[in-house]
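J.: Have a look at this one.
In my numbering, the protein residues as written are 1427 to 1579.
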């Protein structure tokens, strides 16, 4: 029999992550978007829940994760990171290398904030246009009762 272990702090439950996914996919289906993949991670960059809709290409999972990781790792939406650094390709390349290629600075990665505006996780979506990916990520976060972390340019 294994010994007792201490539990980690959980800020986003698996049930809440499922709410994010379900609401994001519901919005996408209501707007007849292409099939999506969505990835919900905690504040440490760990997977809570991810799902790929039928018909979505297999590389969408690492792209969705990379969008979420870009937001989480830099403290701003993946859109803001890409736009802020558009004229700094060396910086973007350096961050991509530092993250072992798991950094995708295009719209679709959105921070999840708690009631105190602290980052507790991120959502990444891939499969439709980047604009649509971001819209459904936002819808999912809000449906689960969290605040959306979008930082202006």
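We put the CB at the ideal spot given by N, CA and C, even for glycine. All values reported here derive from a predicted model rather than from experimental measurement.
(1) DSSP three-state call for residue 1538: helix, strand or coil?
(2) Name the residue from 1445, 1558, 1469 whose alpha carbon lies nearest to the alpha carbon of residue 1539.
(3) Closer than 7 Å by C-beta to residue 1475: which residues in its own chain qualify, once you throw out the five before and the five after it? Chain order, please.
(4) Going by the CB atoms, is the gap between residue 1576 and residue 1545 shorter than 8 Å?
(5) Taking 8 Å as the limit between beta carbons, can you name the residues of its chain near residue 1573, skipping five residues before and five after?
(6) Please classify residue 1552: is it buried, with 16 or more other beta-carbons within 10 angstroms of its beta-carbon, or exposed?
(7) Tell me which residues share the same chain as residue 1489 and place their Cβ nearer than 7 Å to its Cβ, disregarding the 5 neighbours each side in the sequence.
(8) Please give me, in chain order, every unbroken run of the alpha helix (DSSP H) with length at least 4 that falls completely inside the region 1462 to 1500.
(9) Tell me the DSSP secondary structure of residue 1532 in three-state form.
(10) For residue 1552, does the three-state DSSP call read helix, strand or coil?
(11) Please list the terminal residues of the continuous alpha helix (DSSP H) segment that includes residue 1436.
(12) If you draw a straight line from the C-alpha of residue 1527 to the C-alpha of residue 1430, how long is it?
T.: In terms of the structure at hand:
(1) Reduced to three states, the DSSP call for residue 1538 is strand.
(2) Considering only alpha carbons, the answer is 1469.
(3) Answer for residue 1475: 1440, 1443, 1444, 1447, 1466, listed in chain order.
(4) No; because the gap between Cβ atoms is not below 8 Å, this pair is not in contact.
(5) Residues 1538, 1539, 1540, 1541, 1543, 1567 of the same chain have their beta carbon placed closer than 8 Å to that of residue 1573, with the five preceding and five following residues left out of the count.
(6) Residue 1552 is buried by the Cβ-count criterion.
(7) Cβ-Cβ distances below 7 Å link residue 1489 to 1530, 1552 in the same chain, with the five nearest sequence neighbours on each side left out; the list follows chain order.
(8) DSSP runs (the alpha helix (DSSP H)) wholly in the region 1462 to 1500: 1486 to 1500.
(9) Secondary structure of residue 1532 (DSSP, three-state): coil.
(10) In the three-state reduction of the DSSP assignment, residue 1552 falls in the strand class.
(11) First-last for residue 1436: undefined, no H or E at that position.
(12) Between residue 1527 and residue 1430, the C-alpha separation is close to 37 Å.
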